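Asker: In our numbering, the protein residues as written are -16 to 142.
(1) From the DSSP output, which residues share a beta bridge with residue 50?
(2) Tell me the DSSP secondary structure of residue 141 in three-state form.
(3) Could you pull out every residue in the same chain whose Cβ sits closer than 8 Å to the Cβ of residue 39, ignoring the five residues on either side in sequence?
(4) Identify whether residue 66 lies in helix, strand or coil by the three-state DSSP scheme.
(5) Can the beta-carbon of residue 54 be found less than 8 Å from the beta-carbon of residue 100?
(6) Would you kindly check if the distance between the Cβ of residue 117 and the Cβ of residue 95 is under 8 Å?
(7) Taking Cβ positions, are residue 61 and residue 136 nearer each other than 8 Å?
(8) Bridge partners of residue 44, per DSSP?
(9) Exposed or buried, which one is residue 128 when buried takes at least 16 other CB atoms within 10 Å?
(10) Against chain B, with Cβ distances strictly below 8 Å, would residue 103 count as a contact?
(11) Do residue 121 and residue 92 count as a contact pair if the criterion is CB distance below 8 Å?
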């Protein structure tokens, strides 16, 4: 037995595996970044159009129109009573409250009606085309107010 001090053998420290952990973190961060990019690049979700109830719409009624039609001979007449459905009540009140605007709208409709022929007006397509023409001629007078519909309550063509 020797008197020499005994050396203890110490096991070498285990290698740290930091490379695998770094790679795992990198992959996780890349996946998260890709997910965020996809989520943000989808764009805004289109909102469903909100349907305004009919009770919120404005209605402008006119006295009956009676005009000679543009047919040859001048013996054909049109009598029509109509109402304009506007996008809101405030717009309708603005039209009915202003004699100038109401008179301009009535005049524009009268001019349009006198350009029509009896044969065109008696068909359903002719009535639809007349509604579209009234809408396109009246909207510029209303300063941006949208005409939702043209309602006929009386429509008589005399042959």
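All residues carry an ideal CB built from backbone N, CA and C; glycine is no exception. Note that the coordinates shown come from a computational prediction; the quantities given were computed from them, not determined experimentally.
Answerer: Reading from the atomic positions:
(1) The bridge partners DSSP lists for residue 50 are 61.
(2) Here residue 141 sits in strand by DSSP.
(3) So the list reads 71, 72, once near-sequence residues are dropped.
(4) In the structure shown, residue 66 falls within a strand segment according to DSSP collapsed to helix, strand and coil.
(5) Cβ atoms of residue 54 and residue 100: closer than 8 Å.
(6) Contact: yes.
(7) No, the pair does not count as a contact, with Cβ atoms beyond the cut-off.
(8) DSSP lists 66 as the beta-bridge partner residues of residue 44.
(9) Residue 128 comes out buried.
(10) Note that chain B does not occur in the displayed structure, where there is just one protein chain.
(11) Yes, Cβ-Cβ distance for residue 92 and residue 121 is below 8 Å.
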